[in-house]
């Protein structure tokens, strides 16, 4: 019996069609992993399965009624508000004046999702408690949604989507942004769900080595078509991806930097009763390459918000950036002009549906969109960096029409394009396939080698994702 079946299916809109009609099936009891290169068509296939990009009615069938409740799709690409809530913005996380009694907490949103999903019965409450215990959510229930770390947000999204106990759960990149302990928790939960008789999963993964043991079939996609459909376990060939890394220094005039790029002196950050950072002393010197790590919720994003001038609590602390003490008269933009930055939060909040080359060019102006036409020199520089990241062919493609991996490469090119004094790469390899992960690490190493006066802060939960240039490390623990 087939739980879901697509037969010779094509998306109704031509721009969302794969290279050839799709024949896909999810048999009863199966758990499928969809893998492949960035831009290979993984998300487009999922959008056909879920109906986001509809196919013709006779080309798709489900074994269940009410797909809305029985087919759940989690992408982890939403903003901190709801899917259609545009009231939340990146800097709001750090501006407590923007938080009022209407700002939702984790507990209130989870309770709302629980009640919407079904009747309030003892059995469902027991399942809710089990999820909370497994994900250590009880300690987060009074925390505002917009203050969640990347990993905490993923745990919240998983829990809120599981209250209906859907027959099919589709998850894109479930492990990105999670520390080792939380990854184990997610694997444990998914394994438990896979063991339940009526729960099937489709996982969309960029890493072959993250395919869980319970997966029974693997579909590999490339160039918008199926290239393999196999029963596991088996070995997977690594895609060949030759890249000549030849970095060109931009013709930009950059004034010399002071020796101390960042200096924190007994920095403490609190939100209500929560202490996020306590008495932190940290000095980053010009030319150093730091790794930043720690548990989800330990304060990594808060620390970076202080460095990037997004957090107003910097003025209440002894912090100096680029040789200037915060509050001595410099503006946010005086600081941001020295920084190239990419993060999962930036990616989630980036909703500008403009051509990729304009996204990259906005990095030269430190803006979200592009409000001034780039010069020919600036445009040529953008194309050079896009070519380096293997996305030159996407220059005219609109941002929201790309895959998540392609979007990440565009935002990385945006971070590098002005040859910043300080490069902050927060989980830069999120959602990238093996080839592009290796490419980005190589670009980082070569950039730092050729620019010894540049400084790097690199955030990841995976030690094997660190570039070779890392020479210092900071590990944060939860308070």
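Residue numbers (UniProt numbering): 1 to 479. All C-beta atoms in this analysis are idealised placements derived from N, C-alpha and C, irrespective of residue type, glycine included. Everything numeric in this text was worked out from a predicted model, so none of it was measured.
Based on the DSSP output, what are the partners of residue 218 in its beta bridges?
-> By one-based count along the chain shown, residue 218 stands at place 218. Residue 218 is bridged to 33, 230.
Is it right to say residue 1 is buried, meaning 16 or more other beta carbons lie within 10 angstroms of its own, or is it exposed?
-> Within the chain shown, the letter at position 1 stands for residue 1. Result: exposed.
Name the one or two DSSP bridge partners that residue 333 has.
-> Along the chain shown, read from residue 1 onward, the residue named residue 333 stands at position 333. According to DSSP, residue 333 bridges with nothing at all.
Start and end of the alpha helix (DSSP H) containing residue 124?
-> For this step, residue 124 is matched to residue 124 along the chain shown. Taken as a continuous stretch (DSSP letters only), the alpha helix (DSSP H) holding residue 124 covers 122-134.
Sequence ranges, alpha helix (DSSP H) only - wholly within the region 328-404, length at least 4 | 332-336, 344-349, 356-365, 376-388
Which listed residue (165, 312, 132, 455) has its alpha carbon closest to that of residue 286 | As a position in the chain shown, residue 286 is number 286, starting the count at 1. Nearest option by C-alpha distance: 455.
Within this structure, are the beta carbons of residue 322 and residue 422 separated by less than 9 Å?
-> Working through the chain shown from its first residue, we reach residue 322 at position 322. Working through the chain shown from its first residue, we reach residue 422 at position 422. Yes; because the gap between Cβ atoms is below 9 Å, this pair is in contact.
Sort 209, 452, 439, 355 by Cα distance to residue 402 and report the nearest one.
-> Here residue 402 is taken as the residue at index 402 of the chain shown, counted from 1. Out of 209, 452, 439, 355, 355 has the C-alpha closest to the C-alpha of residue 402.
Residues bridged to residue 201 [DSSP beta-bridge criterion] | One-based indexing of the chain shown puts residue 201 at position 201. Its beta-bridge partners are 169.
According to DSSP, which residues form a beta bridge with residue 275?
-> The residue labelled residue 275 in the question sits at position 275 within the chain shown. Answer is 270.
CB of residue 346 to nearest heavy atom of the ligand ZN: below 8 Å?
-> This structure simply doesn't include the ligand ZN, nor any ligand for that matter.
Measure the Cβ-Cβ separation of residue 34 and residue 189 and say whether it is below 9 Å.
-> By one-based count along the chain shown, residue 34 stands at place 34. By one-based count along the chain shown, residue 189 stands at place 189. No, Cβ-Cβ distance for residue 34 and residue 189 is not below 9 Å.
Nearest to residue 330 (by Cα), restricted to the options 314, 46, 165 | Numbered from 1 along the chain shown, position 330 holds the residue referred to as residue 330. Ranking the options by Cα distance to residue 330, first place goes to 314.
Since residue 459 is in the beta strand (DSSP E), which residue starts that stretch and which ends it?
-> Start at 1 with the first residue of the chain shown, and residue 459 comes out as number 459. Per DSSP, residue 459 belongs to the beta strand (DSSP E) from 455-459.
Could you have a look at residue 175 and say whether DSSP puts it in helix, strand or coil?
-> Here residue 175 is taken as the residue at index 175 of the chain shown, counted from 1. Of the three classes helix, strand and coil, the one that applies to residue 175 here is coil, per DSSP.
Report back the beta-carbon spacing between residue 6 and residue 32 to the nearest angstrom; my notes put them in contact at under 8 Å.
-> One-based indexing of the chain shown puts residue 6 at position 6. One-based indexing of the chain shown puts residue 32 at position 32. Contact doesn't hold; Cβ gap of about 13 Å is too wide.
Considering only the beta carbon of each residue, do residue 484 and residue 147 sit closer than 9 Å?
-> Only positions 1 to 479 of the chain appear in the structure, and residue 484 is not among them; the question remains open.
For the candidate residues 57, 52, 59, 56, whose alpha-carbon lies nearest to that of residue 68?
-> The count along the chain shown starts at 1 and reaches residue 68 at position 68. For residue 68, the nearest C-alpha among the options comes from 52.
Determine, using beta carbons only, whether residue 292 and residue 474 come nearer to each other than 9 Å.
-> Looking up residue 292 in the chain shown gives position 292. Looking up residue 474 in the chain shown gives position 474. Yes, they are a contact pair.
Euclidean distance between Cα positions of residue 65 and residue 167 = On the chain shown, residue 65 is found 65 positions in, with the first residue counted as 1. On the chain shown, residue 167 is found 167 positions in, with the first residue counted as 1. So the two alpha carbons sit approximately 10 Å from each other.
Put residue 12 into one of helix, strand or coil per three-state DSSP.
-> In the chain shown, counting from the first residue as 1, residue 12 sits at position 12. Note: residue 12 maps to coil in three-state DSSP.
Within the same chain, show all residues whose beta-carbon is closer than 8 Å to that of residue 391, passing over the 5 residues directly before and after it, in chain order.
-> What you label residue 391 is simply residue 391 of the chain shown in a count that begins at 1. Closer than 8 Å at the Cβ level, and outside the excluded window around residue 391, lie 356, 406, 409, 410, 413.
Report the rounded CA-to-CA distance for residue 463 versus residue 215, giving the unit in angstroms.
-> Stepping through the chain shown from its first residue, residue 463 is reached at position 463. Stepping through the chain shown from its first residue, residue 215 is reached at position 215. Near 25 Å, if we compare the C-alpha coordinates of residue 215 and residue 463.
Would residue 140 pass as a contact of residue 297 if the rule is Cβ separation under 9 Å?
-> The residue you call residue 140 lines up with position 140 of the chain shown. The residue you call residue 297 lines up with position 297 of the chain shown. Yes, Cβ-Cβ distance for residue 140 and residue 297 is below 9 Å.
Buried or exposed: where does residue 361 fall if 16 or more other Cβ atoms within 10 Å of its Cβ makes it buried?
-> Looking up residue 361 in the chain shown gives position 361. When all chains shown are included, residue 361 counts as buried.
Can you give the Cα-Cα distance for residue 301 and residue 459, rounded to whole angstroms?
-> Looking up residue 301 in the chain shown gives position 301. Looking up residue 459 in the chain shown gives position 459. When rounded, the distance between both Cα atoms is 10 Å.
Neighbourhood of residue 86 by C-beta distance below 6 Å, restricted to the same chain and skipping five residues each side = Within the chain shown, residue 86 is the residue found at index 86, counting from 1. A caution first: residue 86 carries a pLDDT of 38, below 50, which makes its placement in the model unreliable, though a value can still be read off. Hits under 6 Å: none found.
Verify whether the separation of the beta carbon atoms of residue 165 and residue 433 is less than 9 Å.
-> Here residue 165 refers to the residue found at position 165 of the chain shown. Here residue 433 refers to the residue found at position 433 of the chain shown. Not closer than 9 Å, so no.
Would you call the CB atoms of residue 9 and residue 48 closer than 9 Å?
-> One-based indexing of the chain shown puts residue 9 at position 9. One-based indexing of the chain shown puts residue 48 at position 48. Going by C-beta atoms, residue 9 is nearer than 9 Å to residue 48.
Between the Cα of residue 310 and those of 436, 320, 324, 335, spot the shortest distance and give me the residue it belongs to.
-> Here residue 310 refers to the residue found at position 310 of the chain shown. For residue 310, the nearest C-alpha among the options comes from 335.
Could you check what DSSP says for residue 184 in three-state terms: helix, strand or coil?
-> For this step, residue 184 is matched to residue 184 along the chain shown. Residue state, collapsed to three classes: helix.
Put residue 3 into one of helix, strand or coil per three-state DSSP.
-> Position 3 of the chain shown, counted from the first residue, corresponds to residue 3. In this structure, residue 3 counts as strand in the three-state DSSP scheme.
What distance in whole Å lies between the Cβ atoms of residue 466 and residue 417, which are believed to be in contact at a cut-off of 8 Å?
-> One-based indexing of the chain shown puts residue 417 at position 417. One-based indexing of the chain shown puts residue 466 at position 466. About 23 Å; that fails the 8 Å criterion.
Between which two residues does the alpha helix (DSSP H) harbouring residue 443 extend?
-> Locating residue 443 in the chain shown gives position 443, counting from the first residue. Here the alpha helix (DSSP H) through residue 443 covers 434-450.
Taking 9 Å as the cut-off, decide whether the C-beta atoms of residue 170 and residue 74 are in contact.
-> For this step, residue 170 is matched to residue 170 along the chain shown. For this step, residue 74 is matched to residue 74 along the chain shown. Taking 9 Å as the Cβ cut-off, residue 170 and residue 74 qualify as a contacting pair.
Within 10 angstroms of the Cβ of residue 343, are there 16 or more other Cβ atoms? Answer buried if so, exposed if not.
-> Locating residue 343 in the chain shown gives position 343, where the first residue counts as 1. Residue 343 should be labelled buried.
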